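*Asks:* In full-length UniProt numbering, the protein residues as written are 1 to 303. The structure is given below, and queries will be raised subsequently.
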(Lines of atoms letter the chains of each structure in order from A; the text may use other names.)
(Lines give C-alpha, C1' and ligand atoms only; values in the text may rest on other atoms or scores of the structure.)
Protein backbone atom coordinates (compact mmCIF):
# COMPACT_ATOMS: atom_id res chain seq x y z
CA UNK A 1 0.00 0.00 0.00
CA UNK A 2 1.40 3.38 -0.97
CA UNK A 3 1.89 6.32 1.35
CA UNK A 4 -0.81 8.23 -0.49
CA UNK A 5 -3.39 5.56 0.32
CA UNK A 6 -2.49 5.50 4.02
CA UNK A 7 -2.59 9.31 4.51
CA UNK A 8 -5.38 10.39 6.89
CA UNK A 9 -8.27 12.27 5.30
CA UNK A 10 -8.35 16.06 5.81
CA UNK A 11 -10.43 17.21 8.77
CA UNK A 12 -13.99 18.10 7.88
CA UNK A 13 -14.88 21.77 8.08
CA UNK A 14 -18.23 22.50 9.68
CA UNK A 15 -20.90 24.35 7.76
CA UNK A 16 -21.00 27.21 10.28
CA UNK A 17 -17.25 27.69 10.04
CA UNK A 18 -17.35 27.80 6.24
CA UNK A 19 -20.21 30.31 6.38
CA UNK A 20 -18.31 32.47 8.87
CA UNK A 21 -15.21 32.40 6.69
CA UNK A 22 -17.25 33.40 3.63
CA UNK A 23 -18.83 36.33 5.47
CA UNK A 24 -15.46 37.62 6.69
CA UNK A 25 -14.57 38.89 3.23
CA UNK A 26 -17.89 40.50 2.38
CA UNK A 27 -18.88 44.12 2.76
CA UNK A 28 -21.52 44.88 5.45
CA UNK A 29 -24.07 46.00 2.85
CA UNK A 30 -23.69 42.66 1.04
CA UNK A 31 -24.35 40.60 4.17
CA UNK A 32 -28.01 39.62 4.67
CA UNK A 33 -29.50 40.60 8.02
CA UNK A 34 -30.98 37.97 10.30
CA UNK A 35 -34.26 37.98 12.18
CA UNK A 36 -32.51 39.26 15.30
CA UNK A 37 -31.31 42.36 13.48
CA UNK A 38 -34.81 43.21 12.29
CA UNK A 39 -36.27 42.65 15.77
CA UNK A 40 -33.64 44.92 17.33
CA UNK A 41 -34.24 47.65 14.74
CA UNK A 42 -38.02 47.43 15.13
CA UNK A 43 -37.77 47.63 18.93
CA UNK A 44 -35.42 50.61 18.76
CA UNK A 45 -37.70 52.38 16.29
CA UNK A 46 -40.75 51.82 18.51
CA UNK A 47 -38.97 53.21 21.57
CA UNK A 48 -37.76 56.23 19.56
CA UNK A 49 -41.16 56.95 18.00
CA UNK A 50 -43.33 56.41 21.09
CA UNK A 51 -42.70 59.86 22.67
CA UNK A 52 -43.79 61.54 19.44
CA UNK A 53 -46.86 59.34 19.23
CA UNK A 54 -47.76 59.95 22.89
CA UNK A 55 -47.35 63.69 22.32
CA UNK A 56 -49.91 63.40 19.53
CA UNK A 57 -52.23 61.39 21.81
CA UNK A 58 -52.21 64.10 24.49
CA UNK A 59 -52.56 66.82 21.84
CA UNK A 60 -55.82 65.17 20.70
CA UNK A 61 -57.23 64.54 24.19
CA UNK A 62 -58.71 66.46 27.10
CA UNK A 63 -57.10 67.44 30.40
CA UNK A 64 -57.98 64.14 32.12
CA UNK A 65 -55.99 62.02 29.64
CA UNK A 66 -52.67 63.11 31.10
CA UNK A 67 -53.58 61.78 34.56
CA UNK A 68 -54.71 58.35 33.39
CA UNK A 69 -52.89 55.30 34.74
CA UNK A 70 -51.91 53.47 32.61
CA UNK A 71 -51.27 56.34 30.18
CA UNK A 72 -53.66 56.86 27.29
CA UNK A 73 -52.40 55.37 24.03
CA UNK A 74 -55.42 55.98 21.79
CA UNK A 75 -55.75 59.42 20.14
CA UNK A 76 -58.80 61.51 20.96
CA UNK A 77 -60.94 63.78 18.84
CA UNK A 78 -59.96 67.22 20.20
CA UNK A 79 -56.90 67.95 18.08
CA UNK A 80 -58.52 70.78 16.10
CA UNK A 81 -60.04 72.21 19.28
CA UNK A 82 -56.66 72.25 21.03
CA UNK A 83 -54.98 73.77 17.97
CA UNK A 84 -57.61 76.49 17.83
CA UNK A 85 -56.87 77.35 21.46
CA UNK A 86 -53.12 77.47 20.76
CA UNK A 87 -53.39 79.73 17.72
CA UNK A 88 -55.98 82.00 19.36
CA UNK A 89 -53.87 82.92 22.40
CA UNK A 90 -53.09 86.61 22.08
CA UNK A 91 -49.89 86.66 24.14
CA UNK A 92 -48.18 83.66 22.50
CA UNK A 93 -48.11 84.61 18.79
CA UNK A 94 -47.81 80.95 17.80
CA UNK A 95 -48.68 81.40 14.12
CA UNK A 96 -46.14 84.24 13.81
CA UNK A 97 -43.55 82.13 15.63
CA UNK A 98 -43.80 79.38 12.99
CA UNK A 99 -43.28 81.94 10.23
CA UNK A 100 -40.32 83.44 12.12
CA UNK A 101 -38.76 80.00 12.56
CA UNK A 102 -39.11 79.29 8.84
CA UNK A 103 -37.45 82.63 7.99
CA UNK A 104 -34.61 82.23 10.49
CA UNK A 105 -33.90 78.57 9.66
CA UNK A 106 -33.98 79.13 5.90
CA UNK A 107 -31.74 82.20 5.92
CA UNK A 108 -29.25 80.66 8.36
CA UNK A 109 -29.10 77.40 6.40
CA UNK A 110 -28.52 79.16 3.06
CA UNK A 111 -25.83 81.42 4.52
CA UNK A 112 -24.20 78.51 6.31
CA UNK A 113 -23.92 76.47 3.12
CA UNK A 114 -22.39 79.36 1.18
CA UNK A 115 -19.95 80.74 3.72
CA UNK A 116 -18.84 77.40 5.17
CA UNK A 117 -18.28 75.80 1.77
CA UNK A 118 -16.39 78.88 0.59
CA UNK A 119 -14.20 78.94 3.71
CA UNK A 120 -13.72 75.16 3.52
CA UNK A 121 -12.59 75.48 -0.08
CA UNK A 122 -10.10 78.19 0.88
CA UNK A 123 -8.63 76.15 3.72
CA UNK A 124 -8.51 72.93 1.68
CA UNK A 125 -7.24 74.06 -1.72
CA UNK A 126 -5.79 77.57 -1.46
CA UNK A 127 -2.32 78.31 -0.15
CA UNK A 128 -1.94 81.46 1.94
CA UNK A 129 0.19 82.53 4.89
CA UNK A 130 -1.06 81.35 8.26
CA UNK A 131 -3.69 78.98 6.90
CA UNK A 132 -2.71 76.15 9.24
CA UNK A 133 -2.72 78.35 12.34
CA UNK A 134 -5.98 79.97 11.35
CA UNK A 135 -7.60 76.56 10.82
CA UNK A 136 -6.27 75.46 14.19
CA UNK A 137 -7.86 78.53 15.78
CA UNK A 138 -11.19 77.70 14.09
CA UNK A 139 -11.07 74.15 15.45
CA UNK A 140 -10.15 75.36 18.94
CA UNK A 141 -13.27 77.52 19.04
CA UNK A 142 -15.29 74.29 19.01
CA UNK A 143 -14.08 73.63 22.55
CA UNK A 144 -15.62 76.87 23.89
CA UNK A 145 -19.21 76.40 25.13
CA UNK A 146 -21.79 78.69 23.57
CA UNK A 147 -23.02 79.68 27.04
CA UNK A 148 -19.77 81.54 27.73
CA UNK A 149 -20.43 84.00 24.92
CA UNK A 150 -24.09 84.74 25.62
CA UNK A 151 -23.46 87.84 27.73
CA UNK A 152 -20.97 89.33 25.27
CA UNK A 153 -23.26 88.50 22.36
CA UNK A 154 -26.21 90.17 24.08
CA UNK A 155 -24.15 93.31 24.67
CA UNK A 156 -23.00 93.41 21.02
CA UNK A 157 -26.54 92.94 19.73
CA UNK A 158 -27.69 95.70 22.08
CA UNK A 159 -25.04 98.09 20.75
CA UNK A 160 -26.24 97.35 17.22
CA UNK A 161 -29.86 97.78 18.23
CA UNK A 162 -30.80 94.27 17.13
CA UNK A 163 -32.03 92.78 20.41
CA UNK A 164 -35.66 91.82 20.10
CA UNK A 165 -35.44 91.41 16.30
CA UNK A 166 -34.82 88.41 14.06
CA UNK A 167 -31.43 89.82 13.05
CA UNK A 168 -30.12 89.00 16.53
CA UNK A 169 -30.89 85.33 15.86
CA UNK A 170 -29.87 85.19 12.20
CA UNK A 171 -26.52 86.99 12.13
CA UNK A 172 -24.67 84.95 14.83
CA UNK A 173 -25.55 81.73 13.01
CA UNK A 174 -24.44 82.66 9.50
CA UNK A 175 -21.23 80.62 9.83
CA UNK A 176 -19.93 78.14 12.40
CA UNK A 177 -16.59 76.53 13.11
CA UNK A 178 -18.08 73.05 12.74
CA UNK A 179 -19.43 73.87 9.28
CA UNK A 180 -16.07 75.24 8.12
CA UNK A 181 -14.19 72.23 9.48
CA UNK A 182 -16.66 69.72 8.02
CA UNK A 183 -16.60 71.29 4.56
CA UNK A 184 -12.83 71.62 4.62
CA UNK A 185 -12.37 67.92 5.37
CA UNK A 186 -14.88 66.84 2.73
CA UNK A 187 -13.36 69.06 0.02
CA UNK A 188 -9.87 67.93 0.98
CA UNK A 189 -10.80 64.28 0.41
CA UNK A 190 -13.20 64.69 -2.51
CA UNK A 191 -11.76 67.31 -4.89
CA UNK A 192 -8.34 66.33 -6.31
CA UNK A 193 -5.66 68.99 -6.47
CA UNK A 194 -5.00 68.04 -10.11
CA UNK A 195 -8.56 69.01 -11.04
CA UNK A 196 -8.17 72.44 -9.48
CA UNK A 197 -4.79 72.99 -11.13
CA UNK A 198 -6.09 71.97 -14.55
CA UNK A 199 -8.96 74.42 -14.20
CA UNK A 200 -6.51 77.19 -13.33
CA UNK A 201 -4.39 76.34 -16.37
CA UNK A 202 -7.51 76.73 -18.51
CA UNK A 203 -7.93 80.27 -17.17
CA UNK A 204 -10.62 79.69 -14.52
CA UNK A 205 -10.70 82.15 -11.65
CA UNK A 206 -10.90 81.07 -8.02
CA UNK A 207 -14.63 81.73 -7.80
CA UNK A 208 -15.24 79.86 -11.06
CA UNK A 209 -13.34 76.86 -9.70
CA UNK A 210 -15.44 77.02 -6.55
CA UNK A 211 -18.75 77.41 -8.40
CA UNK A 212 -18.26 74.98 -11.31
CA UNK A 213 -15.98 72.31 -9.83
CA UNK A 214 -16.14 72.29 -6.04
CA UNK A 215 -19.87 72.83 -5.47
CA UNK A 216 -21.06 69.99 -7.76
CA UNK A 217 -18.60 67.60 -6.10
CA UNK A 218 -19.71 68.34 -2.54
CA UNK A 219 -23.49 68.15 -2.95
CA UNK A 220 -23.84 65.23 -0.48
CA UNK A 221 -21.92 67.18 2.16
CA UNK A 222 -24.00 70.29 1.48
CA UNK A 223 -27.18 68.26 1.97
CA UNK A 224 -25.93 66.87 5.29
CA UNK A 225 -24.79 70.25 6.59
CA UNK A 226 -27.97 71.93 5.38
CA UNK A 227 -30.27 69.46 7.12
CA UNK A 228 -28.29 69.52 10.35
CA UNK A 229 -28.22 73.32 10.30
CA UNK A 230 -31.94 73.65 9.62
CA UNK A 231 -32.84 71.22 12.41
CA UNK A 232 -30.48 72.77 14.97
CA UNK A 233 -31.61 76.32 14.11
CA UNK A 234 -35.28 75.35 14.32
CA UNK A 235 -34.72 73.68 17.71
CA UNK A 236 -32.52 76.45 19.12
CA UNK A 237 -34.00 77.73 22.35
CA UNK A 238 -31.50 79.43 24.66
CA UNK A 239 -30.37 82.40 22.57
CA UNK A 240 -33.80 83.10 20.96
CA UNK A 241 -35.34 83.04 24.44
CA UNK A 242 -32.80 85.58 25.70
CA UNK A 243 -33.06 88.01 22.81
CA UNK A 244 -36.66 87.42 21.62
CA UNK A 245 -38.44 86.47 24.85
CA UNK A 246 -41.28 88.84 25.68
CA UNK A 247 -41.33 90.41 22.20
CA UNK A 248 -43.77 90.15 19.31
CA UNK A 249 -41.25 88.18 17.20
CA UNK A 250 -40.69 84.83 18.94
CA UNK A 251 -39.54 81.63 17.29
CA UNK A 252 -41.48 78.40 17.66
CA UNK A 253 -39.42 77.15 20.62
CA UNK A 254 -39.93 80.43 22.47
CA UNK A 255 -43.66 80.28 21.76
CA UNK A 256 -43.85 76.74 23.14
CA UNK A 257 -42.08 77.90 26.31
CA UNK A 258 -44.71 80.68 26.59
CA UNK A 259 -47.40 77.99 26.35
CA UNK A 260 -45.75 76.17 29.25
CA UNK A 261 -45.39 79.27 31.43
CA UNK A 262 -47.76 80.27 34.18
CA UNK A 263 -48.94 78.79 37.46
CA UNK A 264 -51.14 76.20 35.76
CA UNK A 265 -49.81 74.53 32.62
CA UNK A 266 -52.35 73.10 30.16
CA UNK A 267 -50.28 70.30 28.69
CA UNK A 268 -52.68 69.46 25.88
CA UNK A 269 -52.02 72.95 24.51
CA UNK A 270 -48.27 72.64 25.00
CA UNK A 271 -48.07 69.27 23.30
CA UNK A 272 -50.39 70.35 20.49
CA UNK A 273 -48.07 73.26 19.75
CA UNK A 274 -44.99 71.06 20.08
CA UNK A 275 -46.46 68.52 17.66
CA UNK A 276 -47.18 71.21 15.06
CA UNK A 277 -43.65 72.60 15.49
CA UNK A 278 -42.21 69.10 14.97
CA UNK A 279 -43.97 68.48 11.64
CA UNK A 280 -41.55 70.62 9.51
CA UNK A 281 -38.59 68.73 10.99
CA UNK A 282 -40.17 65.38 10.19
CA UNK A 283 -40.79 66.51 6.62
CA UNK A 284 -37.19 67.70 6.23
CA UNK A 285 -35.76 64.49 7.66
CA UNK A 286 -38.07 62.36 5.52
CA UNK A 287 -37.03 64.21 2.36
CA UNK A 288 -33.33 64.44 3.11
CA UNK A 289 -32.67 61.40 5.30
CA UNK A 290 -31.21 59.47 2.38
CA UNK A 291 -28.90 62.38 1.60
CA UNK A 292 -27.63 62.37 5.20
CA UNK A 293 -26.69 58.69 5.00
CA UNK A 294 -25.19 59.13 1.54
CA UNK A 295 -23.09 62.12 2.57
CA UNK A 296 -21.79 60.49 5.75
CA UNK A 297 -20.97 57.19 4.01
CA UNK A 298 -19.32 58.89 1.03
CA UNK A 299 -17.15 61.02 3.28
CA UNK A 300 -16.20 57.97 5.36
CA UNK A 301 -15.24 55.90 2.32
CA UNK A 302 -13.18 58.63 0.67
CA UNK A 303 -11.38 59.62 3.84
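The beta-carbon is built from N, C-alpha and C at its ideal position, and this holds for glycine as well. Since the model is a prediction, treat every value here as computed from it, not as a measurement.
Please list the terminal residues of the continuous alpha helix (DSSP H) segment that includes residue 158.
*Replies:* From DSSP, the alpha helix (DSSP H) with residue 158 extends over 150–160.
*Asks:* Please name the residue, chosen from 53, 114, 79, that lies closest to residue 225 on a Cα-to-Cα basis.
*Replies:* Ranking the options by Cα distance to residue 225, first place goes to 114.
*Asks:* Does the Cβ of residue 173 have 16 or more other Cβ atoms within 10 Å, making it buried, or fewer, making it exposed?
*Replies:* With 16 or more other Cβ atoms within 10 Å, it is buried.
*Asks:* Helix or strand or just coil, what does DSSP make of residue 37?
*Replies:* Three-state DSSP puts residue 37 in a helix.
*Asks:* With 16 as the cutoff for other CB atoms within 10 Å, does residue 38 come out buried or exposed?
*Replies:* Looking at its Cβ environment, which holds fewer than 16 other Cβ atoms inside 10 Å, residue 38 is exposed.
*Asks:* Given residue 119, which residues of its chain have a CB within under 6 Å of its CB, disregarding the five upstream and five downstream residues?
*Replies:* If we look at residue 119 and ignore the five residues flanking it on each side, its Cβ neighbours are 180.
*Asks:* Could you have a look at residue 77 and say whether DSSP puts it in helix, strand or coil?
*Replies:* Reduced to three states, the DSSP call for residue 77 is coil.
*Asks:* Write down every uninterrupted run of the alpha helix (DSSP H) in the region 51–109 whose length is 4 residues or greater and which is fully enclosed by it, in chain order.
*Replies:* If we require 4 residues or more, the alpha helix (DSSP H) runs fully inside the region 51–109 come out as 79–88.
*Asks:* Write down the C-beta distance between residue 239 and residue 105 rounded to the nearest angstrom, noting that I regard them as a contact closer than 8 Å.
*Replies:* At roughly 14 Å, the Cβ-Cβ gap does not stay under 8 Å, so residue 239 and residue 105 are not in contact.
*Asks:* Given a cut-off of 8 Å on the beta-carbon distance, is the pair residue 87 and residue 79 in contact?
*Replies:* Not in contact: residue 87 and residue 79 (Cβ atoms no closer than 8 Å).
*Asks:* What distance in whole Å lies between the Cβ atoms of residue 177 and residue 138, which are believed to be in contact at a cut-off of 8 Å?
*Replies:* Right, the Cβ-Cβ distance comes to about 5 Å (below 8 Å), so this counts as a contact.
*Asks:* Note the first and the last residue of the continuous alpha helix (DSSP H) segment covering residue 193.
*Replies:* 193–201 is the extent of the alpha helix (DSSP H) around residue 193.
*Asks:* Could you give the distance in angstroms between the alpha-carbon of residue 195 and the alpha-carbon of residue 271?
*Replies:* Spanning the two alpha carbons is a distance of roughly 52 Å.
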